[in-house]
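Numbering (our numbering), first residue to last: 505 to 834. What follows is a single structure, written as structure tokens, with notes after it.
Structure representation (structure tokens):
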């Protein structure tokens, strides 16, 4: 990694000699800057030179090396990352160059795991060069290491989705479900992992699951909800599955109601569990009969008046919606 960085990146001390033919362009903060940033001298030298290179649209090896220094000084600078890709394409986007840039991005990403520019740069490089099985799996492995440290990193989850879709390898969908199982087992409240599970079991489409697969997923959601009935994630996942397979609603409405026994056995007030009752209300509403909507309405009123008064306005709103549904059902 260190050797790669040295060959790709300038030092600030090299700039005056290597760019002796370039007139640096200072940052223009206007005639009366309100709060001028006191940049370090190295930053000013690098970016003043970078502005001159951008103005000249110089797509050279020295410009490429300068961009590496500039993104090290500010890894969030979109313009520099974009120009780096322009230079790479102009100079020839070889396997070796891509590998070097992935190493650079990984090095900079270590202390900037939520940096979108780094995540997008990696994706753009692979788009340009093309994905095969080996490249896709290696990048998924890299992303997995980031997610193990930061399980809710939106950019990394988004990158995983793009990779799996783009690679088009059937095995990756099943492997992703296994990966997500591990992530949920580690943190069952990780809604990002639940979202990824939905993506994986649906294979990136909006098509409803078959009834057998839907039952498997609904059973999984109930199983996780039993671990912690206060956890909203499995309940919302269950509702999504049942909404697109409403023939399952009778069974899983009862399964949801049965989870109350977990709270009773733990000496907790089962009637006050907001996320469980919210799921039950939704399931009863999906059932759509007069009796089920009336039961859902009573649950809303109970939550509003007694068990969850801090969210009274929410429960009153749901009650109002149910009353409207009830009037159309009768």
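Just so you know, even glycine gets a beta-carbon here, dropped at the ideal spot from N, CA and C.
- Under a 10 Å Cβ-count criterion, residue 535 is classified as exposed, with fewer than 16 other Cβ atoms of the shown protein chains found around its own Cβ.
- Less than 8 Å divides the Cβ of residue 676 from the Cβ of residue 640.
- The beta carbon of residue 671 sits closer than 6 Å to the beta carbons of 635, 640 from its chain, once the five residues preceding and following it are set aside; these are given in chain order.
- Restricting attention to alpha helix (DSSP H) runs no shorter than 4 residues, the region 512-557 encloses them at 519-522, ordered along the chain.
- Residue 604 carries a helical assignment under DSSP once its states are collapsed to helix, strand and coil.
- By the criterion of a C-beta distance shorter than 6 Å, residue 819 is surrounded in its chain by 804, 807, 808, once the five residues flanking it on both sides are discounted.
- Here residue 526 has 553, 556, 557, 560 as same chain residues with Cβ atoms under 8 Å from its own Cβ, once five neighbours each way along the sequence are excluded.
- Rounded to whole angstroms, residue 799 and residue 717 show a C-alpha spacing of 29 Å.
- The three-state secondary structure of residue 777, taken from DSSP, is coil.
- Under the three-state reduction of DSSP output, residue 706 falls in the coil class, being neither helix nor strand.
- Cα atoms of residue 777 and residue 699: separation of roughly 23 Å, rounded to the nearest angstrom.
- Pairing residue 757 with residue 784 gives a Cβ-Cβ distance under 8 Å.
- For residue 722, same chain residues with a beta-carbon under 7 Å away, outside a window of 5 residues either side, are 742, 745, 746, 752, 756 in chain order.
- When the beta-carbon positions are compared, residue 573 and residue 513 come within less than 8 Å of each other.
- At a Cβ-Cβ threshold of 8 Å, residue 734 and residue 695 do not count as neighbours.
- Residue 701 and residue 773 have their C-alpha atoms some 31 Å from each other.
- Contact between the region 591-599 and the region 539-553 is absent, with fewer than three C-beta pairs closer than 8 Å.
- Boundaries of the alpha helix (DSSP H) around residue 630: 620-633.
- About 6 Å separates the Cβ atoms of residue 801 and residue 823, confirming a contact at the 8 Å cut-off.
- By the neighbour-count definition (other C-beta atoms within 10 Å, threshold 16), residue 579 is a buried residue.
- By the Cβ neighbour-count rule, residue 575 is buried, with 16 or more other Cβ atoms within 10 Å of its own.
- One Cα belongs to residue 678, the other to residue 787, and the distance between them is close to 29 Å.
- In this structure, the beta-carbon distance from residue 533 to residue 540 falls below 8 Å.
- Judged by DSSP in its simplified three-state form, residue 667 adopts helix.
- Three or more beta-carbon pairs separated by less than 8 Å link the region 646-663 to the region 611-622, which places the two stretches in contact.
- If you keep only unbroken alpha helix (DSSP H) runs of at least 4 residues inside the region 679-764, you get 695-705, 715-731, 736-748, 753-762.
- Taking residue 584 as the centre and dropping the five residues before and after it, the same chain places the C-beta of 571, 574, 575 closer than 6 Å to its C-beta, in chain order.
- Using a 10 angstroms sphere on the CB of residue 690, the tally of other CB atoms stays under 16, which defines it as exposed.
- Annotation: residue 563 to residue 790 spans about 60 Å, alpha carbon to alpha carbon.
- Here residue 715 is near residue 749, since their CB atoms are less than 8 Å apart.
- Residue 639: member of the alpha helix (DSSP H) spanning 637-653, first to last residue.
- Around the beta carbon of residue 654, fewer than 16 other beta carbons lie within 10 angstroms, which makes this residue exposed.
- Judged by DSSP secondary structure, residue 589 falls within the alpha helix (DSSP H) whose first and last residues are 582-595.
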